[in-house]
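Novice:
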Amino acid sequence: QMDELFMICVVGEFNAGKSSFVNALLGDHWVKEGVLPTTDRVCILKHGDELHRSRQVDSFGETHEDVEELRLPIAWLSDVAIVDTPGTNAVVRAHEQL
Numbered sequence: 023q024m025d026e027l028f029m030i031c032v033v034g035e036f037n038a039g040k041s042s043f044v045n046a047l048l049g050d051h052w053v054k055e056g057v058l059p060t061t062d063r064v065c066i067l068k069h070g071d072e073l074h075r076s077r078q079v080d081s082f083g084e085t086h087e088d089v090e091e092l093r094l095p096i097a098w099l100s101d102v103a104i105v106d107t108p109g110t111n112a113v114v115r116a117h118e119q120l
């Protein structure tokens with residue numbers, strides 16, 4: 023048995039359409055997308071009763087500034103989490119370090 027949600031991680035080079043793909047899956051524009059690198063941190067999208075954005079807190083209570091959690095009122099996110107990531111080969115080297 024699995025206690026954690028199954029995660030689908032979307033990875034690839036910058037400007038490859040990762041965030042656009044995530045928005046298409048979700049049926050609306052929930053994450054930023056654009057021609058220039060726009061995803062500056064890992065974003066974990068999970069189910070919530072209402073829209074809520076926060077920094078990721080691990081099981082030790084540590085907050086991670088490079089990881090954002092976005093709760094959305096999308097029913098199927100109760101079974102799976104989507105992870106949007108910064109692109110590789112980006113001009114902004116800090117994005118690749120994530």
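Residue numbers (the numbering used here): 23 to 120. In this text, a Cβ means the ideal position worked out from N, Cα and C, and glycines have one as well. No experiment lies behind these values; they were computed from the predicted model shown.
Given a cut-off of 8 Å on the beta-carbon distance, is the pair Ile96 and Gln78 in contact?
Specialist: Cβ distance not < 8 Å, so Ile96 and Gln78 don't count as in contact.
Novice: Which runs of the beta strand (DSSP E) fall wholly inside the stretch 50 to 93 and span at least 3 residues, in chain order?
Specialist: Correct list: 64 to 69, 74 to 79.
Novice: Where do the ends of the alpha helix (DSSP H) carrying Ala46 lie?
Specialist: Counting along the chain, the alpha helix (DSSP H) containing Ala46 begins and ends at 40 to 48.
Novice: Which residue from Gly83, Asp62, Asn111 puts its Cα closest to that of Val89?
Specialist: Minimum Cα distance to Val89 is reached at Asp62.
Novice: Taking only the alpha-carbon atoms, compute the straight-line gap between Glu55 and Phe82 and give it to the nearest angstrom.
Specialist: Between Glu55 and Phe82, the C-alpha separation is close to 32 Å.
Novice: What's the gap between the Cα of Glu91 and the Cα of Lys68?
Specialist: Approximately 7 Å, taken between the alpha carbons.
Novice: Let me confirm a value: Val33 is counted as buried when at least 16 other C-beta atoms fall within 10 Å, else exposed. Which label applies?
Specialist: That one is exposed.
Novice: Any idea which residues DSSP pairs Asp106 with across the strands?
Specialist: According to DSSP, Asp106 bridges with Val32, Cys65.
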